[in-house]
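In this text, residue positions in the sequence shown follow the numbering used here: the first is 27, and each later residue adds one. Ideal placement from N, C-alpha and C gives every residue a C-beta, glycine not left out. Here the structure comes first, spelled out in structure tokens, and everything after it is commentary.
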Amino acid sequence: MQELILGGARSGKSRFAQQRAQASQWPVTYVATAQAQDEEMQARIAHHQAQRPPHWHLVECPLKLAAQLETLLKPQTCVLVDCLTLWLTNLLCIDEGIHLETELAALYRLSETLQTQNKGTLLWVSNETGMGVIPANALSRRFCDLSGWLHQYLGAHADRVWHLHAGWPQLIYEAPQIQPVSSLNASTSYQARCHWGQHTVNMPDQPIEQMKKTSTFNYTLAAFLPTSMQMPVAQPHAAMAEQAQAHQAQLTKPLGALGLLETAVIQLAGCQNRLFPQLDQVHILIFAADHGIAQEGVSAYPQSVTVEMIRNFSQGGAAINVLAQALDAEFQVINLGTATPIEALPHVLDHRICAGSANFLHQAAMTPANTLAALEIGYEYAQQAHAQGAQILILGEMGIANTSSASALAAFLLNRPLSELTGAGTGLDTVAQAHKARILQQALDLHLPHIGQDAWLALQRLGGLEIAGLVGACLSAAQQGLPLLLDGLMVTVAACIAERLQPGSQAWYFYAHQSAEPAHAALLAHLQAHPLLHLDLRLGEASGAALALPLLRQACLLHEHMATFAQAQVSQSK
């Protein structure tokens with residue numbers, strides 16, 4: 027049983043929550059999240075202490091709330107948490123190595139499990155912060171956003187939701203499977219004691235249970251992305267795809283004879299909402315960064331190669347430069363975090379967040395702030411490509427040891443051991459591959475207890491800055507309705523994480539090739555994807571996608587310019 031009790035400052039919410047706790051007739055544990063950091067807060071705490079029955083068990087918990095509640099919640103007990111917004115403030119303002127998103131995710135998981143487990147009654151008290159003016163600074167706006175999303179999520183799992191106005195409680199929602207509050211003797215006696223009269227019941231038009239089934243709300247996405255990045259995924263135009271399929275059936279060839287080219291052009295027609303899709307405007311984005319895991323000898327090349335290859339991109343000497351020029355594609359390289367700074371270079375955009383990711387054998391690869399910063403940059407550049415008229419976006423990467431991060435993320439996504447997924451990367455021999463697999467499995471075992479099933483935490487702990495940038499670009503493209511031609515392992519891993527964060531993104535994915543990396547083949551099989559090419563590539567830098575693009579262009583030409591049976595006066599099959 028969970029009840030969420032919301033209200034403004036001095037609304038009476040704490041007093042009401044205490045009366046709800048007494049009404050449970052069970053032993054009560056009061057969990058206080060406030061910290062007495064000044065005289066005014068000390069006075070507030072003393073006031074609340076005077077209002078509470080002296081026999082209640084008091085637990086002070088300013089930070090790690092979910093873990094504390096796990097130890098307190100038991101059948102036939104009542105736990106009152108007062109209040110969530112003070113706890114959130116502590117997390118935002120106190121730097122003690124405690125990650126905000128980890129604590130929020132743990133709290134969300136706890137709320138979910140309480141729906142099916144009998145662990146007594148849990149009363150959440152929190153300030154309603156979303157009914158005033160928009161705050162003037164970024165931290166305050168983030169606080170209001172986080173508290174609002176927290177209330178939405180807990181409210182969707184609560185058995186009752188209350189709101190206090192000037193001391194009057196309003197019952198916003200009551201789950202249909204529980205005993206109505208108006209029929210509870212304890213509630214009636216409480217009303218008589220407080221002289222607050224009958225509770226007003228205002229049921230939502232759509233039952234919460236139905237909202238849970240139909241909502242696309244993803245707490246990870248909502249809790250950690252800015253509001254500007256929380257657009258819904260665009261929907262391809264199914265009717266146009268059906269028209270394209272019907273047109274394919276009229277062309278002078280056996281139905282399906284062009285194989286994957288047919289299915290690709292039909293999908294592309296739906297994505298572009300054009301019967302005859304076009305791929306003249308192609309944008310290629312390469313995200314680059316270094317990886318701390320390279321310190322463990324998991325790559326055949328030194329870390330300095332990342333910066334050296336960025337210079338090579340700038341000078342036009344890499345494989346992707348040759349291919350981009352042949353495709354007449356817009357080409358940009360975004361440096362998100364090389365180990366050493368790099369001078370200003372043509373075609374290279376310097377957004378260096380930090381000196382690469384940390385060694386995730388020992389610690390999280392990235393801080394939450396750096397993960398989000400990289401993701402936002404990727405999001406913005408994909409958004410920019412769409413605004414400039416891109417008809418398809420090709421993503422690529424550069425970063426020594428990034429196959430290690432990608433393989434670890436693939437193991438998380440697929441729930442498979444690294445021994446089955448680790449490949450040669452840039453050219454490791456079998457002995458070095460075995461070493462790489464052992465290191466990565468050890469790192470994965472370190473982080474999995476903290477990750478659970480959370481793709482955002484997996485990205486932060488196992489990923490890299492360029493992979494986070496790729497995730498942001500995938501999210502942006504799917505929201506903008508921009509088709510993505512995916513390259514190899516790193517890009518496919520990022521696309522899978524984007525799909526986890528925002529389901530439906532996959533509708534905009536086109537799969538260029540299957541690389542030589544076993545993790546890439548496993549991911550494609552899991553996605554039931556059919557790549558256009560199988561060339562045993564392991565170069566990265568978007569080269570496989572650039573090689574596959576001419577096939578998509580040829581598919582568009584065949585779709586538009588082949589004669590129909592009627593035009594050619596050719597008989598159709600019976």
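In angstroms with no decimal places, state the Cα-to-Cα distance between residue i and residue j.
| i | j | result |
| --- | --- | --- |
| residue 29 | residue 502 | 36 Å |
| residue 544 | residue 560 | 13 Å |
| residue 264 | residue 258 | 17 Å |
| residue 512 | residue 402 | 19 Å |
| residue 588 | residue 337 | 44 Å |
| residue 27 | residue 202 | 13 Å |
| residue 367 | residue 526 | 33 Å |
| residue 222 | residue 194 | Low per-residue confidence applies at residue 222: pLDDT is 29, beneath 50, and the placement is therefore not dependable enough to give any value. |
| residue 483 | residue 393 | 10 Å |
| residue 299 | residue 524 | 23 Å |
| residue 409 | residue 499 | 8 Å |
| residue 93 | residue 536 | 42 Å |
| residue 464 | residue 256 | 38 Å |
| residue 386 | residue 469 | 6 Å |
| residue 486 | residue 397 | 6 Å |
| residue 417 | residue 354 | 13 Å |
| residue 352 | residue 142 | 58 Å |
| residue 277 | residue 168 | 55 Å |
| residue 128 | residue 492 | 22 Å |
| residue 17 | residue 282 | This structure cannot settle anything about residue 17, because the visible part of the chain is limited to 27 through 600. |
| residue 509 | residue 307 | 12 Å |
Between which two residues does the alpha helix (DSSP H) holding residue i run?
| i | result |
| --- | --- |
| residue 486 | 481-488 |
| residue 394 | 394-413 |
| residue 268 | 264-276 |
| residue 493 | 491-506 |
| residue 523 | 515-527 |
| residue 82 | Taken as a continuous stretch (DSSP letters only), residue 82 belongs to no alpha helix (DSSP H), as it is neither H nor E. |
| residue 96 | 91-98 |
| residue 114 | 110-119 |
Can you tell me whether residue i is buried or exposed, with buried defined as 16 or more other CB within 10 angstroms of its CB?
| i | result |
| --- | --- |
| residue 36 | exposed |
| residue 363 | buried |
| residue 473 | buried |
| residue 33 | buried |
| residue 246 | Here the model assigns residue 246 a pLDDT of 49, short of 50, so the residue's position is not dependable, and the following value carries that caveat. Buried, by the Cβ-count rule. |
| residue 596 | exposed |
| residue 557 | buried |
| residue 582 | buried |
| residue 421 | buried |
| residue 585 | buried |
| residue 160 | exposed |
| residue 109 | buried |
| residue 380 | buried |
| residue 599 | exposed |
| residue 107 | buried |
| residue 506 | buried |
I'd like the span of the beta strand (DSSP E) that includes residue i, first residue to last.
| i | result |
| --- | --- |
| residue 28 | 28-33 |
| residue 58 | 54-58 |
| residue 50 | Counting along the chain, residue 50 falls outside any beta strand (DSSP E), and DSSP gives it neither H nor E. |
| residue 189 | 186-191 |
| residue 183 | Per DSSP, residue 183 belongs to no beta strand (DSSP E); it is in the alpha helix (DSSP H), 164-183. |
| residue 127 | Segment 126-139 is the alpha helix (DSSP H) holding residue 127; no beta strand (DSSP E) there. |
Under 7 Å between the Cβ atoms of residue i and residue j?
| i | j | result |
| --- | --- | --- |
| residue 567 | residue 346 | yes |
| residue 296 | residue 267 | yes |
| residue 541 | residue 514 | yes |
| residue 105 | residue 114 | no |
| residue 383 | residue 285 | no |
| residue 43 | residue 151 | yes |
| residue 179 | residue 134 | yes |
| residue 290 | residue 95 | no |
| residue 46 | residue 140 | no |
| residue 477 | residue 329 | no |
| residue 411 | residue 419 | yes |
| residue 294 | residue 280 | no |
| residue 261 | residue 311 | no |
| residue 570 | residue 521 | no |
| residue 546 | residue 440 | no |
| residue 495 | residue 428 | no |
| residue 111 | residue 83 | no |
| residue 519 | residue 432 | yes |
Shorter than 6 Å, the distance from the beta carbon of residue i to the closest heavy atom of the ligand FMN, or not?
| i | result |
| --- | --- |
| residue 383 | Looking for the ligand FMN in the displayed structure turns up nothing, as the structure carries no ligands at all. |
Every unbroken alpha helix (DSSP H) inside the segment 532-598 [4 residues or more] | The segment 532-598 contains these whole alpha helix (DSSP H) runs: 544-553, 569-587 and 591-594.
Jot down the residue ranges of each uninterrupted alpha helix (DSSP H) in the segment 427-461, minimum 4 residues, whole runs only, in chain order.
-> Complete alpha helix (DSSP H) runs here, min 4: 428-440.
Minimum length 4: unbroken alpha helix (DSSP H) runs contained in the segment 279-363 | If we require 4 residues or more, the alpha helix (DSSP H) runs fully inside the segment 279-363 come out as 286-298, 330-341 and 345-353.
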